[in-house]
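Same order as they appear, the protein sequences are chains F and U. Numbers 8 to 87, taken from this note's numbering, label the letters of the first sequence in order. Numbers 506 to 1054, taken from this note's numbering, label the letters of the second sequence in order. To start, the structure itself, in structure tokens.
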Amino acid sequence: MAAPDPEAPPTASARAKDKSPWNWLLFIPIVVPLVPAFFNGDSPRLFGFPRFYWLQLAYIILGVTTTTVVYQLTKRRGDR
Amino acid sequence: MWRDHLTEIIIFTLLFLLVSGMGFVAARWRAPKDMAHLDEWGLGGRNFGGWITWFLVGGDLYTAYTFVAVPALVFGAGAMGFFAVPYTIVIYPLVFLVLARLWSVSHRHGFVTPADFVRSRFDSPVLALVIAITGIVATMPYIALQLVGIESVLKAMGVTGESTLARHLPIIVAFAILAAYTYQSGLRAPALIAFVKDSLIYIVILVAIFYLPYKLGGWGDIFAAADAKFDASPAPGDGVLLNANNQLQYVTLALGSALALFLYPHSLTGVLASRNRDVIKRNMSALPAYSLLLGLIALLGYMAIAADVKPLPGASEGTVDNNTIVPLLFDQQFPSWFTGVAYAAIGIGALVPAAIMSIAAANLFTRNIYKEYLRRNATAAQEANVSKITSLVVKVGAVACIVFLDPQFSIDLQLIGGVIILQTLPAVALGIYTRWFHRGGLVAGWVAGMGLGMWMLYQISSPTRKHFAGSAFPLEKFGFDTQKTIYVGMVAVLVNLLVAALVTLVLRAARVAEGVDGTARDDYFADEGDPRVTPGTRTDAGAAPEPVA
């Protein structure tokens, strides 16, 4: 690596305030997987999996999507 | 007999030797100019990017014991064992913001452990000591349990002996090698080995979830076999679905475990070793890939039922060791060379977390006991040296736990560990957001939470055991007219918070000194490149750009 550091260091120290209304979205994948009424049943089945199993595995996608969306929406945009 | 498992043993040994070699070479990977610093030995230079962090934290949180014990739980109790899935889903959104803030404040102030943070935030060496000891006590049995993971594999390969020494010799050798390369390479060793470990595990599990259902007649048949087993069993709590009485336990256990996970010092070690806030946030989206893996691994428990696997006998007469079902399932269903690969995945899977945990425990001792109470003006090199030696001591202790005590003791301790580490939540996790609590209140809350948690665990009995028979506390013992159970840790931490708040109000009314907050507001947002973020570019020697998760 010849050049010192390709990423220019952020100018001010404390620009990245992490307050954003989008952060509230994070509560969805915290609350939804903890409601047994949603997943504690057998039907409908998917590939032979009772709902209990496939739905809870599907919550992983819910979690990933939410954190990704929040990360993208709250990322520092340029120098403002 | 071990002779029947020769192919497996050879492949297991070869892969084990391969990663041991990597462990020693790791000292030169992204090597710093000067290794004699805790930021280097204990945090790998604080410079890990997205991929390394993903493998490191993933390899650290999802341990060999998890991979063996979760399917064992599903095999034994059914749906209840699946709590590991919601647990590892809610964790990431839960800590998404908290960890980024902790990273910032830790890098500005050079914190290595959660207790370092608490000491500075609440200006209280006593509270920091309490946090450090809680961390060490909670981590020790966790390390010992990694040995249980290796042992289940050795048992399945028939590598057992009559005398205590013969039975444990392979484990002692394995841990001696682990101790040697951790001593030399520090956090770089598990970081490098994690690549091999996780790749092996992903391969094994992907093969298992496609190949085994095909051999066992499809998922429908697998769930039907499990259903039939639980219908026939007399135990009230088991089944393919939850019943009315264990739903509360399921939810509180998942949430409580999630709250506890990042309070364990070893999970924070991986987080603090990352390069910047973005690495952490991106990893919160990428780490759930391991949760999917864990969910599929959990279902191996049902496959074992469908394949009619009978667990090997346990340590004491008349008991069975459910932890052997996954190794036995592999042995029964896979060709022996692939079983060897699968066993190596579990065995190596134990080494990564064991190394990180011993480093984390050693860092706690060095920073919050040695430097605080024994040698205040220790140099960076002395700190690194003490940590290296402590990591050896910790591992010897873990091996001694397994060799001289009933493994059940370590399992009990780990159960307790989850409850006690949760008692650091108000100081560490809430402390990141607020300094409202008084340091005296936090200590009082910790005492209350610990006391209540221990009492509740002691009260829990089962048909085979009088005390410490799990973490599901029957609410009728509190005088409620119900069969419902609840996770002990959750109740204990709520009482902890309540007491902390009340005592805070009292101490504030009595104008007891609160100390000075060593951190400033904008410390919590600082990121890579900030001139005051330590250690800056001191270690840029091997910091080549790399792909990100």
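The beta carbon of each residue, even a glycine, is placed where N, CA and C say it ideally should be. Bear in mind the structure is a predicted one, so any value in this text is a computation, not a measurement.
Endpoints, the alpha helix (DSSP H) within which residue i is located
i         : result
U:Phe622  : 619 to 627
U:Ala637  : 630 to 661
U:Ser863  : 841 to 870
U:Val756  : 752 to 766
U:Asp1032 : Careful: U:Asp1032 lies outside any alpha helix (DSSP H) and carries neither H nor E.
U:His943  : Here U:His943 belongs to no alpha helix (DSSP H), and DSSP marks it neither H nor E.
U:Lys900  : 885 to 909
U:Ala1025 : Neither: U:Ala1025 is in no alpha helix (DSSP H) and is coded neither H nor E.
U:Tyr567  : Note, U:Tyr567: premise wrong, no alpha helix (DSSP H); not H, not E.
U:Gln913  : 912 to 927
U:Asp836  : 830 to 838
U:Thr512  : 511 to 530
U:Tyr716  : 693 to 721
U:Pro1058 : This structure cannot settle anything about residue 1058 of chain U, because the visible part of chain U is limited to 506 through 1054.
U:Asp736  : 724 to 737
U:Ile810  : 793 to 811
F:Val38   : 35 to 38
F:Pro43   : 43 to 46
U:Leu543  : 543 to 546
Closer than 8 Å to chain F by CB, residue i
i        : result
U:Met789 : yes
U:Val658 : no
U:Lys786 : yes
U:Ser967 : no
U:Pro537 : no
U:Val610 : no
U:Val756 : yes
U:Leu674 : no
U:Pro793 : yes
U:Ser796 : yes
U:Phe728 : yes
U:Ala865 : no
Strand pairing of residue i, partner residues [DSSP]
i        : result
U:Pro818 : U:Val825
U:Ala977 : U:Tyr992
F:Leu53  : F:Phe56
U:Gly744 : U:Gly583
U:Phe553 : U:Ser779
Cross-chain neighbours of residue i in chain U, by beta carbon under 7 Å
i       : result
F:Pro40 : Pro591, Ile594, Val595
F:Pro36 : Ile594, Val595, Pro598
F:Leu33 : Pro598, Phe601
Cross-chain neighbours of residue i in chain F, by beta carbon under 7 Å
i         : result
U:Gln1105 : The displayed coordinates of chain U run from 506 to 1054. Any statement about residue 1105 of chain U would go beyond what the structure contains.
U:Ala584  : Phe59
Cβ of residue i within 8 Å of any chain U Cβ
i       : result
F:Pro51 : no
F:Pro57 : yes
F:Ser20 : At F:Ser20 the pLDDT is 42, less than 50, meaning the model places this residue with poor confidence; the figure from the coordinates comes in the next sentence. Yes - at least one Cβ of chain U is within 8 Å of the one on F:Ser20.
Contact list for residue i against chain F, beta-carbon separation under 8 Å
i        : result
U:Ala765 : The premise fails here: U:Ala765 is roughly 15 Å from chain F at the closest Cβ pair, so nothing lies under 8 Å.
U:Leu760 : Leu41
U:Leu746 : Asn47, Gly48, Asp49, Pro57, Phe59
U:Gly723 : Gly55
U:Leu604 : By Cβ distance, chain F contributes nothing, its closest Cβ being about 11 Å from U:Leu604, past 8 Å.
Within chain F, partners of residue i - CB distance below 9 Å
i        : result
U:Gly800 : Tyr60, Gln63, Leu64, Ile67
U:Phe587 : Phe59, Tyr60, Gln63
Cutoff 7 Å; reference residue i; Cβ partners in own chain excluding five residues on either side
i         : result
U:Gly744  : Gly583, Ala584, Phe735
U:Ala643  : Tyr769, Gly922, Ile925, Ile926
F:Thr73   : Leu32, Leu33, Ile35, Pro36
U:Tyr878  : none
F:Val77   : Trp29, Asn30, Leu32, Leu33
U:Ser796  : Val590, Thr593, Ile594
U:Phe1030 : Ser609
Spatial neighbours of residue i in its chain, beta-carbon cut-off 8 Å, leaving aside the 5 residues before and after
i        : result
U:Gln964 : His972, Phe978, Lys982
Close beta carbons around residue i, own chain, < 6 Å, minus the five adjacent residues each side
i         : result
U:Thr895  : Ala867, Phe870
U:Gln928  : Trp951, Gly954, Met955, Asn1001
U:Lys702  : Gly564, Ile853, Gly854, Val857
U:Lys876  : Ala883
U:Arg1043 : Since pLDDT at U:Arg1043 reaches only 39, below the 50 mark, its modelled position is unreliable, and the value read off the structure follows with that caveat. Nothing listed; no residue qualifies.
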